[in-house]
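Participant: Using numbering that gives the first Met the number 0, read the sequence shown as starting at 0 and increasing by one per residue.
From the three backbone atoms N, C-alpha and C, an ideal C-beta is built for every residue, glycine too.
Remember, it's a predicted structure, so these values are computed and weren't measured experimentally.
Take this structure, written in structure tokens, and hold onto it; I'll ask about it next.
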Amino acid sequence: MEPQFWQQRWALNELGFQLDAAHPLLSAQLAAMPNVPKVFVPLCGKSPDMHALAGRYQVIGAELAEIACRDFFTEAGMTATTTSSGEHRIWQSGVYQLWQGDFFTLPAVAVAGTALIYDRAALIALPPQMRLQYAAKLQQLIPNAHMLLITLEYPEGEKQGPPFAVFANELPLLFPKACIQLAGIRNLTGQGFARRKFATSQLVEKSWWICW
Ligand SMILES: C[S@@+](CC[C@H](N)C(=O)[O-])C[C@H]1O[C@@H](n2cnc3c(N)ncnc32)[C@H](O)[C@@H]1O
0 MEPQFWQQRW ALNELGFQLD AAHPLLSAQL AAMPNVPKVF VPLCGKSPDM HALAGRYQVI
60 GAELAEIACR DFFTEAGMTA TTTSSGEHRI WQSGVYQLWQ GDFFTLPAVA VAGTALIYDR
120 AALIALPPQM RLQYAAKLQQ LIPNAHMLLI TLEYPEGEKQ GPPFAVFANE LPLLFPKACI
180 QLAGIRNLTG QGFARRKFAT SQLVEKSWWI CW
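Here's what the structure looks like:
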């Protein structure tokens, strides 16, 4: 999706993807997550998952929308300082550092020393061609990584993305050198996806450990 699409979602407060608390598939994996200092959260929005991760890690986020970055800190009762790095603006407070701007132009310095990635509603927010670019950028930014990825599956054709259905057979194409392991499954059929209800005949979230 183009940046304008997402800027508009934030401007209109159309945040159907927003969770009220940490994602259950993240909570289930927290204890098993590697002991490293930092976690990178691409396309982070103002996700409460970042608070769950902050119990163990410094959290580096990447997010396009200024509203998301501002609200993340305001809603947590924190005051962030902002600085600039090229075309990105860095919002910082406590263990959080959010790089506001286009993920696809994020400089490697933003994620220096990071070997852990958490993706919820980032890959699945993107159409197929952008997913390839997104995965390539992640692997270029962090050459050796452990990534906890949450995907969403529903019968293609039953709804338009985002969120897009991403099935297991796409993952080796996106991460060709990676070891890929299923970590968890959550059947949401007949239930909502965050704040949205989908009339799909099946709706399943899966978490994956992807290591390259
Ligand atoms: C579906 S939302 C998910 C947000 C968050 N991961 C969560 O779980 O709540 C996708 C987010 O990606 C951001 N985004 C989309 N394209 C982006 C880009 N090129 N660079 C940085 N952020 C982007 C959007 O602004 C939006 O906040």
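Assuming residue 124 and residue 0 are in contact, meaning their beta carbons sit under 8 Å apart, how far apart are those beta carbons, in whole angstroms?
Facilitator: So it is a contact: roughly 7 Å between Cβ atoms.
Participant: Assess contact between the segment 130–150 and the segment 92–101, defined as three or more Cβ pairs (one per stretch) separated by less than 8 Å. Is contact present?
Facilitator: Segments in contact, no.
Participant: By how many angstroms is the C-alpha of residue 43 removed from the C-alpha of residue 30?
Facilitator: Looking at the two C-alpha atoms, the distance is approximately 21 Å.
Participant: At the level of alpha carbons, what is the spacing between residue 156 and residue 83?
Facilitator: Each residue's Cα considered, the two are about 42 Å apart.
Participant: What are the start and end residues of the alpha helix (DSSP H) that includes residue 50?
Facilitator: Its alpha helix (DSSP H) spans residues 48–53.
Participant: Kindly identify the DSSP beta-bridge partner or partners of residue 178.
Facilitator: 210, per the DSSP bridge assignment.
Participant: Report the rounded CA-to-CA distance for residue 109 versus residue 8, giving the unit in angstroms.
Facilitator: Cα to Cα, the separation comes out at about 25 Å.
Participant: Got a sec: does ligand 1 put a non-hydrogen atom nearer than 6 Å to the Cβ of residue 67?
Facilitator: Yes, Cβ of residue 67 sits closer than 6 Å to a heavy atom of ligand 1.
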